[in-house]
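Structure first, then comments.
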Amino acid sequence: MPVRGERGATLRRGRTLVRSERRQDPEPMIKKEKRKLTPWVIYSRIISFWAPGILLTKLGKMPEPGMQQAWREKVALVSLIMMVCAIVVYITIFLATTFCPESVAKTQYDAFKYDDPNSGPGIIGILGRAFSTENATWTTKLEFTPKAGQDLTSYFDVPIPELCQLSKLNGLRAVTQNVCGSNNGNGG
């Protein structure tokens, strides 16, 4: 057994690299290559113009340009997400007023409610339009006095449009119903 301080028959390595001029730095794991200026890099730099490199180095603790560019790209991604969200909000809320401003839009304030008994004396509805029967004179001797707010569409013969006379649609009740018949919902 070797005495302390003696080098015996061991496989220990001695201090061979004591001189500083013989020292070699380890190869860096990430090669520092200059990246091309792609549109994405340009966009990320434009969108993060307010954070110069010196600010990211001192306050952001990002000394390497690669780390700074990664942070800039994250900011660019967040800005793209915010733009897409803004477009969705615009389409959802404001698109209708863009194509149809209030000056030409038919709103609920422009519509007259004829089926409300409080809307006035003798207001009736025919084919979706309101008519006043307050000063009406009847030319026939029928005992017909419509009530205020009543829809009289079923009392009129409504011509069936040509589009509804297709062979595919003949079996549908809405197309074949006789609005002037005794089974029209108003007793004929």
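For the record, in the sequence shown the residue sitting at position 113 is 275 according to the working numbering, with numbers rising by one throughout.
Ideal placement from N, C-alpha and C gives every residue a C-beta, glycine not left out.
Everything numeric in this text was worked out from a predicted model, so none of it was measured.
Contact between G287 and D319 is absent: CB atoms are separated by about 17 Å, not below the 8 Å threshold. Look at I285 here: in three-state DSSP terms it is strand. Its chain contains no residue whose beta carbon lies nearer than 8 Å to that of M191 once the 5 sequence neighbours on both sides are disregarded. In the three-state DSSP reduction, F293 falls in the strand class (E or B). Apart from sequence neighbours up to five positions away, no residue of its chain approaches A258 with a beta-carbon distance below 7 Å. The shortest CA-to-CA distance from F211 to any of L199, M224, A238 is the one to A238. Residue range 227–251 is occupied by the alpha helix (DSSP H) that includes M229.
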